[in-house]
Amino acid sequence: MGDERSSTDFVDVRMVIDLGERHLAVGMIDADGNVGVRDRVVTPPRDRDVALTRLVHRVLAATPAEQQPVLCAVTGPGPVDEQLGGFAPLGDNDWNGLPVRDAISEVVGCSVILESTGRGYALAACDGGSVIGVHLGDYVDGGIVVDGRLLSGERASAGEFAHLGIEPDGRPCRCGIAGCLDAYAGVRSIEASTGRGLVSTPASLIAQSGMMVARACASLAAMMDIHRIRIGGVVVEAFRQAFIESIHQELSERTRLTHLTDLDVAAAQFHVLAGASAVALAAGTIESSAV
Ligand SMILES: [Zn+2]
Numbered sequence: 001m002g003d004e005r006s007s008t009d010f011v012d013v014r015m016v017i018d019l020g021e022r023h024l025a026v027g028m029i030d031a032d033g034n035v036g037v038r039d040r041v042v043t044p045p046r047d048r049d050v051a052l053t054r055l056v057h058r059v060l061a062a063t064p065a066e067q068q069p070v071l072c073a074v075t076g077p078g079p080v081d082e083q084l085g086g087f088a089p090l091g092d093n094d095w096n097g098l099p100v101r102d103a104i105s106e107v108v109g110c111s112v113i114l115e116s117t118g119r120g121y122a123l124a125a126c127d128g129g130s131v132i133g134v135h136l137g138d139y140v141d142g143g144i145v146v147d148g149r150l151l152s153g154e155r156a157s158a159g160e161f162a163h164l165g166i167e168p169d170g171r172p173c174r175c176g177i178a179g180c181l182d183a184y185a186g187v188r189s190i191e192a193s194t195g196r197g198l199v200s201t202p203a204s205l206i207a208q209s210g211m212m213v214a215r216a217c218a219s220l221a222a223m224m225d226i227h228r229i230r231i232g233g234v235v236v237e238a239f240r241q242a243f244i245e246s247i248h249q250e251l252s253e254r255t256r257l258t259h260l261t262d263l264d265v266a267a268a269q270f271h272v273l274a275g276a277s278a279v280a281l282a283a284g285t286i287e288s289s290a291v
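Numbering (the numbering used here), first residue to last: 1 to 291.
And the structure:
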């Protein structure tokens, strides 16, 4: 988390929200990204919009009246559905259909930007430079940042790495095709394949997951000519060092091309509001879903 500051330090205040797999988190940040007032609740199985607006009200009530937000950035499971003003992860009904942007905008009364968790993660990881961010949460997601700017794409969702084809005739994916990255490296897919919780995944499958992530990293690095890749999310936390070692082992086989020899692939975890904070601070430099 950023440094705690006294309330008088907060002038250009922005609200940041993360619609996480386990928690809904809301906070206020200053122009340097320091987090002030913050709160969170367990993500409920239903009526999530109700829980979210209640939490936003609570954070606003705890914020001094002169520090109302000028902007709000929200990260959630991608891709963003621009027409809906919400999130529409493939095959997931928990967020689909909820007009998150309108619901929050009504409460906070300022512009609301929506970004996928993975794209927010990439922005948080870029450090002003270029990076490919791969986020392994319930679903695989990510983003590509070039010289500090998040690549958008025609639908503002560049970096949806979930359905990269990495294993012909491989494990079935929720998209209906076989061998996608998500089938090996997304929490829901991993748990579905083992019938166990993530932390009980057998070592052989952790190694396989690392190998598939490495394949994706090598392809992405070659395609984008970006040598720095950061990997985060619940899977990295649960699989720990064995996972990272299997990634590096596979990469050593796949990086004989001269432009891949300096590939810098590492795990990087940030606080829960880091992605939304990066999006809020970068507002104006990326095309996004603002009202
Ligand atoms: Zn797929």
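Even glycine gets a Cβ: it sits at the ideal position worked out from N, Cα and C.
First and last residue of the alpha helix (DSSP H) that includes residue i?
i, result
"E191", "V187 to T194"
"G176", "Taken as a continuous stretch (DSSP letters only), G176 belongs to no alpha helix (DSSP H), as it is neither H nor E."
"I244", "V234 to R254"
"I104", "V100 to V108"
"L52", "R48 to A61"
"I206", "A203 to M224"
"V279", "A274 to A282"
Leaving out five residues on either side along the sequence, give the residues of the same chain with a beta carbon under 6 Å from the beta carbon of residue i.
i, result
"G233", "H135, L136 and G137"
"A125", "V131, G133, R230 and A268"
"L220", "I132"
"L164", "L181 and A216"
"S189", "D182 and A183"
From residue i to residue j, what does the alpha carbon distance come to, in whole angstroms?
i, j, result
"D51", "A192", "The amino acid occupying residue 51 in the given sequence is Ala; Asp does not appear at that position. Cα to Cα, the separation comes out at about 28 Å."
"I206", "A61", "44 Å"
"D102", "Y121", "23 Å"
"D32", "R254", "39 Å"
"G86", "S116", "10 Å"
"A218", "L260", "8 Å"
"L257", "L251", "11 Å"
"M212", "Q67", "46 Å"
"V293", "T43", "Because the chain spans 1 through 291 in this model, residue 293 falls outside it and cannot be assessed."
"P79", "P202", "30 Å"
"R215", "I166", "7 Å"
"G143", "L123", "8 Å"
"R174", "V140", "12 Å"
"G176", "N34", "42 Å"
"E154", "A185", "26 Å"
"V279", "C72", "9 Å"
"D262", "S246", "18 Å"
"T75", "F270", "14 Å"
Can you name the start and end residues of the beta strand (DSSP E) that residue i belongs to?
i, result
"T117", "From DSSP, T117 is part of no beta strand (DSSP E) but of the alpha helix (DSSP H) over T117 to C126."
"C72", "L71 to G76"
"A267", "D264 to A267"
"R38", "V35 to V42"
"I17", "R14 to L19"
Which residues in the same chain have their Cβ closer than 8 Å to the Cβ of residue i, if we skip the five residues on either side of it in sequence?
i, result
"D293", "Residue 293 is absent from the model: the chain starts at 1 and stops at 291."
"V37", "G27, M28, V59, A62 and T63"
Using a Cβ-Cβ cutoff of less than 7 Å, which residues in the same chain neighbour residue i once the five nearest sequence positions on both sides are dropped?
i, result
"V70", "D12, V13, R14 and C110"
"G148", "C126, G128 and G129"
Can you tell me whether residue i is buried or exposed? The criterion is at least 16 other CB atoms within 10 Å of its CB, across all chains shown.
i, result
"E287", "Any reading at E287 must be qualified, since the residue scores a pLDDT of 40, below 50, and its modelled position is unreliable; the value itself is stated next. Exposed is the call here."
"E160", "buried"
"P77", "buried"
"V265", "buried"
"H23", "exposed"
"Q249", "exposed"
"Q208", "buried"
"D169", "exposed"
"A292", "There is simply no residue 292 to check, as the chain begins at 1 and stops at 291 in what is shown."
"V108", "buried"
"R196", "exposed"
"A65", "exposed"
"V187", "buried"
"P45", "exposed"
Of all Cβ atoms in chain B, is any one closer than 8 Å to the Cβ of residue i?
i, result
"D262", "Among the chains of the structure shown, chain B does not appear; only one protein chain is present."
Under 7 Å, CB to nearest heavy atom of ligand 1: contacting residues: A162, H163, C173, R174, C175, I177, C180, D182 and A183
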